[in-house]
Amino acid sequence: MDMSSHAGTPPASPSYLCGLNESQADAVRTTEGPLLVLAGAGTGKTRVLTTRMAHILASGLAQPWQVLAVTFTNKAAREMRERVAALLDRSVESWWVGTFHATGARMLRGHAELLGLKPAFGILDTDDQLRVIKQLAEARRIDTRKLPPRLFASVIQRWKDRGLTPERVTPAEGADAVDGLALPLYGDYQDRLRALDACDFGDLLLHALALFRDHPEVAERYRQQFHYILVDEYQDTNVAQYLWLRTLAQGHHNVCCVGDDDQSIYSWRGAEIGNILRFERDFPGARIIRLECNYRSTSHILAAASELIAHNRGRLGKTLWTTAAGGDKVAVRATWDGEDEARVVGSEIEALQVQGHPLRQMAVLVRAGFQTREFEERLITIGIPYRVIGGARFYERQEIRDAVAYFRIVVRPDDDLAFERIVNTPKRGLGLASLRSIHQLARGANLPLSAAAARLVASDELKTQARTALARLLADIARWRDMLARTAHPAVARAILDESGYTGMWQADRSPEAAGRLENLKELVVALAEFESLPGFLEHVSLVMDNDEAAGDEKVALMTLHAAKGLEFDTVFLPGWEEGIFPNQRALDEGGTAALEEERRLAYVGLTRARRRAIVSYAASRMVFGTWQNTLPSRFVKELPAANVEQSAPTGLFAARPFRGASDGFARDGFQPDASASSAEPVRLAAEAGGRWPQRRPAPPTIDGRAERTTTRPQPAHPFTVGQRVFHQKFGYGQVRTVDGDRLEIDFEKAGAKTVIHSFVAAA
DNA sequence: TCCCTCCTTGTTTTT
DNA sequence: CAAGGAGGGA
Numbered sequence: 230m231d232m233s234s235h236a237g238t239p240p241a242s243p244s245y246l247c248g249l250n251e252s253q254a255d256a257v258r259t260t261e262g263p264l265l266v267l268a269g270a271g272t273g274k275t276r277v278l279t280t281r282m283a284h285i286l287a288s289g290l291a292q293p294w295q296v297l298a299v300t301f302t303n304k305a306a307r308e309m310r311e312r313v314a315a316l317l318d319r320s321v322e323s324w325w326v327g328t329f330h331a332t333g334a335r336m337l338r339g340h341a342e343l344l345g346l347k348p349a350f351g352i353l354d355t356d357d358q359l360r361v362i363k364q365l366a367e368a369r370r371i372d373t374r375k376l377p378p379r380l381f382a383s384v385i386q387r388w389k390d391r392g393l394t395p396e397r398v399t400p401a402e403g404a405d406a407v408d409g410l411a412l413p414l415y416g417d418y419q420d421r422l423r424a425l426d427a428c429d430f431g432d433l434l435l436h437a438l439a440l441f442r443d444h445p446e447v448a449e450r451y452r453q454q455f456h457y458i459l460v461d462e463y464q465d466t467n468v469a470q471y472l473w474l475r476t477l478a479q480g481h482h483n484v485c486c487v488g489d490d491d492q493s494i495y496s497w498r499g500a501e502i503g504n505i506l507r508f509e510r511d512f513p514g515a516r517i518i519r520l521e522c523n524y525r526s527t528s529h530i531l532a533a534a535s536e537l538i539a540h541n542r543g544r545l546g547k548t549l550w551t552t553a554a555g556g557d558k559v560a561v562r563a564t565w566d567g568e569d570e571a572r573v574v575g576s577e578i579e580a581l582q583v584q585g586h587p588l589r590q591m592a593v594l595v596r597a598g599f600q601t602r603e604f605e606e607r608l609i610t611i612g613i614p615y616r617v618i619g620g621a622r623f624y625e626r627q628e629i630r631d632a633v634a635y636f637r638i639v640v641r642p643d644d645d646l647a648f649e650r651i652v653n654t655p656k657r658g659l660g661l662a663s664l665r666s667i668h669q670l671a672r673g674a675n676l677p678l679s680a681a682a683a684r685l686v687a688s689d690e691l692k693t694q695a696r697t698a699l700a701r702l703l704a705d706i707a708r709w710r711d712m713l714a715r716t717a718h719p720a721v722a723r724a725i726l727d728e729s730g731y732t733g734m735w736q737a738d739r740s741p742e743a744a745g746r747l748e749n750l751k752e753l754v755v756a757l758a759e760f761e762s763l764p765g766f767l768e769h770v771s772l773v774m775d776n777d778e779a780a781g782d783e784k785v786a787l788m789t790l791h792a793a794k795g796l797e798f799d800t801v802f803l804p805g806w807e808e809g810i811f812p813n814q815r816a817l818d819e820g821g822t823a824a825l826e827e828e829r830r831l832a833y834v835g836l837t838r839a840r841r842r843a844i845v846s847y848a849a850s851r852m853v854f855g856t857w858q859n860t861l862p863s864r865f866v867k868e869l870p871a872a873n874v875e876q877s878a879p880t881g882l883f884a885a886r887p888f889r890g891a892s893d894g895f896a897r898d899g900f901q902p903d904a905s906a907s908s909a910e911p912v913r914l915a916a917e918a919g920g921r922w923p924q925r926r927p928a929p930p931t932i933d934g935r936a937e938r939t940t941t942r943p944q945p946a947h948p949f950t951v952g953q954r955v956f957h958q959k960f961g962y963g964q965v966r967t968v969d970g971d972r973l974e975i976d977f978e979k980a981g982a983k984t985v986i987h988s989f990v991a992a993a
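In terms of this note's numbering, the first sequence opens at residue 230 and continues consecutively.
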C-alpha cells in the first residue's frame, strides 16, 4: 500500500475510505477505545468491518498478527479474510481472523499441556457428544427414554455457554436441572472427554477461559499481542464469549463490536442479547456509532420492517432510512391452506421468471424446516428448480461421519468414538454382546477400545464368528495405517471405503437416498485431496467444513429465517405468518414476552432480506401433525403499517384487514367479511368463520389455465413411456402411469402418485 | 444378531 | 402424517 504514515496519525482520507458514508467512515477511523457499531440491516456492516481492519493494517497501527478478528461462521471469517486481502492486496496467512471456536482451538492447541490435553486433542461433534452422554446416563441408570440424552446435552451446553464448569454451577441450580441429574452427569461428561483427549465445541471457549484464569501469564501474553480486537455479530455472543473478549481486551480496550440488537435471533442457543445492550456499561468510555442508512431495500419494505420491530421494547433503537423511494408495497396474501399457499407462491415465482427475474434472486423463508416441504412439492410439480439451504450439513450426514470415523480410527488408534461408530458398520456380526466385552476389558485394563479388541481377539472370549470378524477389521485398520505411510491419502481413503465394505453397503441399499450417499462419499474423497494429509484433513473437518451450497446457479432458495440472516434477495416470500407457527407457539409457551420479541426480530430479519419485493402470506387452515387446524393470521401481519402494505385474498376467503388498529382480537380484524359485517361480534365471527372455511376450496384458476397451456406446448423430447420404471431424487422409485407432454404422472413406491416434470426423473 | 412393529414426538442451529 | 427409537420376536 502506498499510503505511508506514522502510527496513530493516518492520512486524512486514504482511498479505501472513498464511498463510505459519514458514519461508516467514522466507524473505520475510530480505532482507539471501545466502540460499538450498531449496524442496521443492509447498512454496510461487513464493509465497515473489513475496511476498518484494512485501515488498521495499512496505516501501520498494527501488524497482522496483532489484530484479532472473530466471527461466528466460517463463511463470515472467509469473507473477511478475502475482502481485507483484496483491499490491501496482500496475503492473509497467519492472521488471527476466524470463528470464536477456531480461535479458541488455536489457543488451546498452543497450551494444551496446561489443560491436561495433548496438542492434537480431538473435537467432538454433536453426534459424538450425544453418544457419550447416552453411555454415561445409562451408566448412572438413568432412563434415557424418559430423559433423552439431548436434554442433558442442551443443559450442559447452556452451562458451557455461560462459562460454567461443573464446579461453578451453583448447587441450587444443579438441583433444579433435570431432577438434579444433569450436574453430576456434566461432571462425568467432562471427565470422559479428558479421558478421550477431546473437547466439544463449548469446551473450546470454556477451556480457554480456564486457561486465562489459571495461567494469567498466558492471558497477559495474548493481551500484549492483540492491539486491536474486532467482533462480528456481537448480538449473538454468549456469556463465555463475552468473558473471553473482556479478558483479551483488558488494558488497551481497543475492542470494536459490530452488531444489531434487532437481529438477535439465537437466544435459544445461549446468545445473550444483554451483551450488546450493556456494551456501554461493560466498556466504560465506549462510543456507539449507528449505521442507519440502508442500501438494500425499497422504502416500503424498510418502513414496514421498521414499524414492525418498533413493537419491541428491549432494544437500543435505530432509525433506518433510505434514499430509494418508491417500489412495491409489501404484499400480504391470504390463502386457503398450505397447498394453496404453495400454489400462490409458485405462480408468483413463475410470473417473475417470465418477466426475466433470475430465480437465484428469489427466496422462500420459513419459520421451521419442515415448512419447506410443501413448497418443494409445488416447485417440483411446476418444474422450477430450487435449492434447500440448511438441512443436514455435509459433514453431518451419516455416510460422511461414518467415513470420517474410519479415517479417524486409522489415524488415531485410540479414538474410541470412531471405533465404536464403525466397528459394526457395515454389519459384520459384531453386536451388543461383543461390544460389551470390548468395553469391559477396555475399562478394566484402562485401554483404548481398539487395543482391548486386539487383546480379545487373541483370547477365547468371543464366539468364533465375532472373533474372525473383529480380527479382520483390526488387520484391515493396521494395513490401512501402514498404507498411509506409503500411498497418497486420497487413494488410501478410497481403499478404506471399498475394502471395509462401506461403499458396498450403500451400493446394496435399494432406498432412494443410497445413490446420493454414494455421491457424497465420492465428493468427500475429492475434498480430501485438497488437504496435504489425512490428519490435516481431519483437523479441519470438525471445525471448518461447511457445505458451500454455492448460490451460483439458477435456483430458488428455500430456507429457514435463521439460515437467511446475512443474505439478501430481490424477492422474498414469507409464508406461514400464522399464530402458532409464526410466532411459534412453543417459543411463546416457553419464553413469554422475551420469546415473542425474538420471534418479532425474526420477522424483521425476514423482511429486511428483501431488496425489491416482500410477499407475506398466511393460510386459513393448515394440516398440523396430521390434523386440519383453522389458523389465525399472525399478529405480525397486523403490526405491518397499512400505508406500506398491499393485501389480497382469493374470492370467497374473507379479505384480511388486519390494519385497522383495533387491539382486541386480531382474529376479527384478520378475517372480517370484507364490506358486509360490522365489527360487532368479534368472537362469534372468528369462531363462525373458523367453522366455515371449507376444506374443499374452489378450483384454483391458475391451475386450470396452466394445465391447458401445458397441453398445447410443443411436446418436448424425452425418453419416458408409460409403464417405465424411473427414479426421482426426492420420491424414489416409481412407474410411469401417464405421459402428458413434459409432465409424467408416476406411481412412486414410497411416495404414492405424483405429477412431475420429466427433467426431474431418470430411467431406473 | 437382526429385523420388524409399535410408540412417541414433533422449532430455530453454528461450531 | 412421518421419522426415529426402543423393544420384542425369530
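In this text, a Cβ means the ideal position worked out from N, Cα and C, and glycines have one as well.
Query: Through-space distance from Val595 to Val801, alpha-carbon basis; Result: 10 Å
Query: Residues near Val407 by beta carbon distance below 7 Å, same chain, minus five either side; Result: Leu376, Leu380, Phe381, Val384
Query: Check whether Tyr457 and Thr260 have beta carbons under 8 Å apart; Result: yes
Query: Burial state of Asn873, where buried means 16 or more other Cβ atoms lie within 10 Å; Result: buried
Query: First and last residue of the uninterrupted alpha helix (DSSP H) at Gly835; Result: 814-836
Query: Under the three-state DSSP convention, the category Glu994 falls into; Result: Residue 994 lies beyond the residue range present for the chain, which begins at 230 and ends at 993; the question has no answer from this structure.
Query: Beta-carbon proximity list for Gly730, same chain, < 6 Å, skipping 5 on both sides; Result: Pro655
Query: CA nearest to the CA of Thr548, picked from Gly556, Gly855, Val561, Ala533; Result: Ala533
Query: When His481, Ile538, Val785, Glu536 are compared against Gln582, the one with the closest alpha-carbon; Result: Val785
Query: Residue from Glu875, Val652, Arg657 with nearest C-alpha to His668; Result: Val652
Query: For Pro764, the three-state DSSP class (helix, strand or coil); Result: helix
Query: Close-in-space but distant-in-sequence residues of the same chain around Arg830 (CB under 8 Å, 5 per side omitted); Result: Asp491, Gln492, Ser493, Ile494, Ile538, Asn541
Query: Proximity to Leu787 [Cα-Cα], best of Ile517, Lys794, Thr601; Result: Thr601
Query: Of the listed residues Gly835, Glu628, Gln964, Ser863, nearest to Leu817 (C-alpha basis); Result: Ser863
Query: Own chain partners of Ala793 with C-beta closer than 6 Å, once the 5 adjacent residues on each side are dropped; Result: Leu594, Arg838
Query: Close Cβ partners of Gly523 (< 6 Å) along its chain, the five nearest in sequence each way excluded; Result: For the sequence presented, residue 523 should be read as Asn rather than Gly. If we look at Asn523 and ignore the five residues flanking it on each side, its Cβ neighbours are Gly271, Thr272, Leu531, Leu549, Thr551.
Query: Nearest candidate by alpha-carbon position, reference Leu183, set His769, Glu768, Asn813, Glu783; Result: Because the chain spans 230 through 993 in this model, residue 183 falls outside it and cannot be assessed.
Query: Option in Gly881, Ile505, Pro870, Leu772 with minimal Cα separation from Ala331; Result: Leu772
Query: Nearest-angstrom beta carbon gap, Glu797 and Arg544 [assumed within contact, 8 Å]; Result: With a Cβ gap of about 22 Å, Arg544 and Glu797 do not count as contacting.
Query: Any 3 or more C-beta pairs closer than 8 Å across the stretch 619-639 and the stretch 704-721; Result: yes
Query: Reference Asp643, options Asp511, Ala681, Glu625, closest by Cα; Result: Ala681
Query: Residues that DSSP places opposite Tyr471 in a beta bridge; Result: Answer is none; Tyr471 lacks a bridge partner.
Query: Continuous beta strand (DSSP E) stretch holding Asp524: start and end; Result: Note on residue identity: the sequence assigns Tyr, not Asp, to residue 524. Segment: none, Tyr524 is in no beta strand (DSSP E) and carries neither H nor E.
Query: Opposing strand residues paired with Pro862 [DSSP bridges]; Result: Glu807
Query: Per-residue DSSP class, three states only, for Asp408; Result: helix
Query: Bridge-paired residues (DSSP) for Phe854; Result: Its beta-bridge partners do not exist; DSSP assigns none.
Query: C-alpha distance - Leu365 paired with Val834, whole-angstrom precision; Result: 40 Å
Query: Three-state secondary structure assigned by DSSP to Trp388; Result: helix
Query: Buried versus exposed call for Val951 [16 or more other C-beta atoms within 10 Å across all chains shown]; Result: exposed
Query: Endpoints, alpha helix (DSSP H) assigned at Leu264; Result: Not the alpha helix (DSSP H): Leu264 falls in the beta strand (DSSP E), residues 264-268.
Query: Which of helix, strand or coil DSSP assigns to Phe798; Result: strand
Query: Reduced DSSP secondary structure (H/G/I, E/B, other) of Trp294; Result: helix
Query: Nearest to Asn303 (by Cα), restricted to the options Asp782, Pro948, His769, Asp799; Result: His769
Query: 6 Å CB neighbourhood of Ala671 in its chain, flanking five on each side removed; Result: Leu678, Ala681
Query: Whole-angstrom distance between Leu422 and Ile371, CA atom to CA atom; Result: 20 Å
Query: Same chain, Cβ closer than 8 Å to Ala369, five either side skipped, listed in chain order; Result: Looking at the sequence itself, residue 369 is Arg, so the reference to Ala does not match. Only Leu410, Pro413, Leu414, Asp417 meet the Cβ criterion.
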